[in-house]
Amino acid sequence: MEKKRDYSLVGESTRIAIETGLASADWYHTDVPRKAMKELMQRSDGPAIRDTIIWIVAILGSAAGIAWFWGTWWVVPFLLVYGVLYGSSSDSRWHECGHGTAFRTRWMNDAVYQIASFMLMRNPVTWRWSHARHHTDTIIVGRDAEIAVMRPPDLLRAALAFTGILDFRYSLPTLVRNAFGSISPDEKSFIPEMELHKVVTAARWHVAIYVAAIALALYLWSFLPLVLIGLPRLYGSWHMVLTGLLQHIGLADNVTDHRLNTRTVYMNPISRFIYWNMNYHVEHHMFPMVPYHALPRLHELIKHDLPEPNPSMWHAYREVWPVLIKQLQYEDYFLKRELPPTAKPYRDEFHALTVPAAAE
Amino acid sequence: MADWVEACGVDDVEEEDVIRFDHGGRTFAIYRSPDDEYFATDGYCTHEKAHLADGLVMDDIIECPKHNGRFNYKTGVARGAPVCVNLATYPVKVEAGKVMIQIG
Chain A
1 MEKKRDYSLV
11 GESTRIAIET
21 GLASADWYHT
31 DVPRKAMKEL
41 MQRSDGPAIR
51 DTIIWIVAIL
61 GSAAGIAWFW
71 GTWWVVPFLL
81 VYGVLYGSSS
91 DSRWHECGHG
101 TAFRTRWMND
111 AVYQIASFML
121 MRNPVTWRWS
131 HARHHTDTII
141 VGRDAEIAVM
151 RPPDLLRAAL
161 AFTGILDFRY
171 SLPTLVRNAF
181 GSISPDEKSF
191 IPEMELHKVV
201 TAARWHVAIY
211 VAAIALALYL
221 WSFLPLVLIG
231 LPRLYGSWHM
241 VLTGLLQHIG
251 LADNVTDHRL
261 NTRTVYMNPI
271 SRFIYWNMNY
281 HVEHHMFPMV
291 PYHALPRLHE
301 LIKHDLPEPN
311 PSMWHAYREV
321 WPVLIKQLQY
331 EDYFLKRELP
341 PTAKPYRDEF
351 HALTVPAAAE
Chain B
361 MADWVEACGV
371 DDVEEEDVIR
381 FDHGGRTFAI
391 YRSPDDEYFA
401 TDGYCTHEKA
411 HLADGLVMDD
421 IIECPKHNGR
431 FNYKTGVARG
441 APVCVNLATY
451 PVKVEAGKVM
461 IQIG
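Residue numbers (our numbering), protein chains in the order written: chain A, 1 to 360; chain B, 361 to 464.
See the structure below:
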């Protein structure tokens, strides 16, 4: 089997994406009256302050539980809660505050963004730019720096992602490398030169805090500081992967219609709190200006133009599994989801050029 | 000599909002601030080609609809990543219920 896709951001796929106009293209948007969109885009501090207070209280409460029950089996439920809050819900906070849509007040977005970036072991500067690229060129091979599962899919790698090991193995050395002033060619491809020094400064702050946590662990001769700082990235990131993988996995690449490459999944209220409504992912990609708390309303407004959402995560994984298996043999295969009769059709005249064989 | 061009009527833009104005192959954004003043800038974000008229006006800020980059639309100053380059602004005056902008 010949591997066709080059996921480097400075390679052959990059050149083709730029030459064919896939890079920085005009994307399909469902028509929404300006008045309705203006209402949906409105910012408010209230919902995010409420959610952030709950978030912080739950984090501190579960951390206190871990410290209190350390050395007994009673610590396990607290580890479960703390791990998910630290290692998973930080991803949605990082994401929403990176967009600047969580709070109306800018400094609140920036403060939560910096804290969440640290919890995720993500360089706050690098990832701000990589995410901007992800929105410009969503799942465009050679352009998008945030493609979670490449083709043909590495299923072992995808499974290991639930443990956080692979991300940890990538994130920590990247932070250390950045702290020593080294920026990779891929990073340079999406971070403006004038921002590069900020990458190094941010990495040094993160590394300094980890060094302090390690020093404290050695001083106390206890793993507790590391269980609270750093290691939750391992034992608590499973929910982030569980929800995040579904965003684009098994769907089309190299298209300019989010209905083809992005998935909306109905989820339970707890997952939606952890994930800050990013289960409405088609809606988010089409209209990134709409805050997380308004996404359910946006969904109601435009669902006539979108594929039917998956009714549950279980349903979505069951749907995508056979697609991944087929992609092992034939990497061009993907799930082309049906649109309702009320929707505007996919722009096949454009996508047919880049997607030679679609699965029905 | 720069020309004054009629962009729109004063009521074509809602308070704290923006509309698009195309002229001579160029695109502009016309703003009406919360205190009922009018301003004009280039119509495209300096980060990537996105119409600012589809964005959100909050006080003296216009937020780009594509990546949430922010500018002060009164001065054109970029207010943080992912926008790094300032936005061109244009003089505006209101005459007989029309918003006029001076295009160089």
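Where is the CB? At the ideal position from N, CA and C, for every residue including glycine.
(request) Would you please verify whether the beta carbon of B:N432 is less than 7 Å from any beta carbon of chain A? (result) no
(request) Please confirm if A:A17 has its CB atom under 7 Å from at least one CB of chain B. (result) No, its Cβ sits nowhere closer than 7 Å to a Cβ of chain B.
(request) Inspect the beta-carbon positions of A:L306 and A:V323 and report whether they are closer than 7 Å. (result) no
(request) Spell out the partners DSSP gives B:F399 in its beta bridges. (result) B:Y391
(request) Compare the C-beta of B:E408 against all C-beta atoms of chain A and say whether one is closer than 7 Å. (result) Closer than 7 Å to some Cβ of chain A, the Cβ of B:E408 qualifies, so yes.
(message) So, at 7 Å on beta carbons, what are the nonlocal neighbours of B:G495 in its own chain, with the 5 sequence-adjacent residues on each side left out?
(response) Nothing can be reported for residue 495 of chain B: it is not among the residues displayed for chain B, which extend from 361 to 464.
(message) When you compare the CB of B:L416 with every CB in chain A, is at least one pair closer than 7 Å?
(response) True, the Cβ-Cβ gap to chain A drops below 7 Å.
(request) Mind listing, in chain order, the continuous alpha helix (DSSP H) runs of no fewer than 4 residues lying wholly within the stretch 114-165 of chain A? (result) 124-136, 155-161
(message) Helix, strand or coil, according to DSSP, for B:I421 in the structure here?
(response) strand
(request) Report yes if the C-beta distance between A:V112 and A:R143 is below 7 Å; otherwise report no. (result) Contact check for A:V112 against A:R143 fails: the beta carbons are separated by 7 Å or more.
(message) One question on the structure: do A:R233 and A:G164 come within less than 7 Å of each other, judged by their Cβ atoms?
(response) yes
(message) Spatial neighbours of B:G384 within its chain, please: C-beta separation below 8 Å, excluding the five flanking residues on both sides.
(response) Same-chain partners within the cutoff: I463.
(message) Assuming contact is defined by CB atoms lying nearer than 7 Å, are A:A148 and A:L245 in contact in what I supplied?
(response) Yes. Within cutoff.
(request) Give the residues of chain B in contact with A:G100, contact being defined as C-beta atoms less than 8 Å apart. (result) E423, N428, R430
(request) Report the neighbours of B:C444 on chain A: residues whose CB is nearer than 9 Å to its CB, in chain order. (result) Chain A residues near B:C444: P192, M194, E195.
(message) Is there a Cβ of chain B sitting closer than 7 Å to that of A:A132, yes or no?
(response) Answer yes: the Cβ-Cβ gap between A:A132 and chain B drops below 7 Å somewhere.
(message) Whole angstroms are fine: how far does the CA of B:D396 sit from the CA of B:V365?
(response) Here the C-alpha atom of B:V365 lies approximately 20 Å from the C-alpha atom of B:D396.
(message) Let's see if you can read the secondary structure: which residues bound the beta strand (DSSP E) around B:M462?
(response) Here the sequence assigns Gln to residue 462 of chain B, which means Met is not the residue at that position. Element bounds for B:Q462: 458-463.
(request) Would you mind telling me which residues of chain C sit closer than 8 Å to B:D371, beta carbon to beta carbon, in chain order? (result) No chain C appears in this structure, whose protein chains are A and B.
(request) Out of A:R337, A:P296, A:E12, A:D186, state which residue places its alpha-carbon closest to the alpha-carbon of A:W424. (result) Since the first residue shown for chain A is 1 and the last is 360, residue 424 of chain A is missing from the structure and cannot be characterised.
(message) For A:M41, count the other beta carbons within 10 Å of its own beta carbon; 16 or more makes it buried, fewer makes it exposed. Which is it?
(response) The residue is buried, with at least 16 neighbouring Cβ atoms inside 10 Å.
(request) Compare the C-beta of A:M267 against all C-beta atoms of chain B and say whether one is closer than 7 Å. (result) no
(request) Compare the C-beta of A:H293 against all C-beta atoms of chain B and say whether one is closer than 7 Å. (result) no
(request) Would you mind telling me which residues of chain B sit closer than 9 Å to A:W129, beta carbon to beta carbon, in chain order? (result) A441, P442
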